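**Student:**
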Amino acid sequence: RGEFSIGGAKCTQCPEPSTSSPGSATCTLCLLNYAWDATEGACRACPLGARCPGGDSMPIPNEGYWTSYDNVTHAHRVYECHMGTCTGGGDTDSRCWVTANYSKC
1328 RGEFSIGGAK
1338 CTQCPEPSTS
1348 SPGSATCTLC
1358 LLNYAWDATE
1368 GACRACPLGA
1378 RCPGGDSMPI
1388 PNEGYWTSYD
1398 NVTHAHRVYE
1408 CHMGTCTGGG
1418 DTDSRCWVTA
1428 NYSKC
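When you read off a place in the sequence shown, starting at 1, and then add 1327, the result is the number in my numbering.
1) What separation, rounded to the nearest whole angstrom, lies between the Cα atoms of E1407 and P1386?
2) Tell me the start and end of each unbroken beta strand (DSSP E) in the segment 1337-1411 that is at least 3 residues and wholly inside, in chain order.
3) Whose CA, out of R1404, E1343 and L1358, lies closest to the CA of L1375?
4) Assuming R1378 and N1389 make a contact with CB atoms under 8 Å, what is their CB distance in whole Å?
5) Whole angstroms is fine: what's the gap from W1365's alpha carbon to S1347's?
6) When you compare only the Cα positions, how much space is there between L1356 and T1339?
7) Can you check whether the CB of A1362 is closer than 8 Å to the CB of S1345?
8) Comparing the C-beta of H1403 with each C-beta of chain D, is any distance below 8 Å?
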């Protein structure tokens, strides 16, 4: 874990803050407090107003914040919820997580 190998050659340490699964040929997982950014192909620091469990997870908005999961290119943009209705990513009601529904939040 935390190393990668191309073609079974010698394992190479993944550059922080990235990591890998055992036996991986790439470093496409992130350490805690980082999230994978598919547009940059790298791990990115967790944005303010969110928590990032690492791995291949996108940022999870905290209570009082929202993000759009409509498109992975927008997932790192976390916004304050001025209507006071966004309960954060722990809520199973993800209506605040999509731009089209923000007016309902």
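Heads up, the beta-carbon is just placed ideally off N, CA and C, and yes, glycines get one too. In this text the structure is predicted, and so the values were computed from the model without any measurement.
**Tutor:** Based on what the coordinates show:
1) 14 Å
2) 1361-1364, 1369-1372, 1392-1394 and 1405-1407
3) R1404
4) 6 Å
5) Sequence check: residue 1365 is Ala here, not Trp. Distance between the alpha carbons of A1365 and S1347 is about 15 Å.
6) 15 Å
7) no
8) This model lacks chain D altogether, as it is built from one protein chain only.
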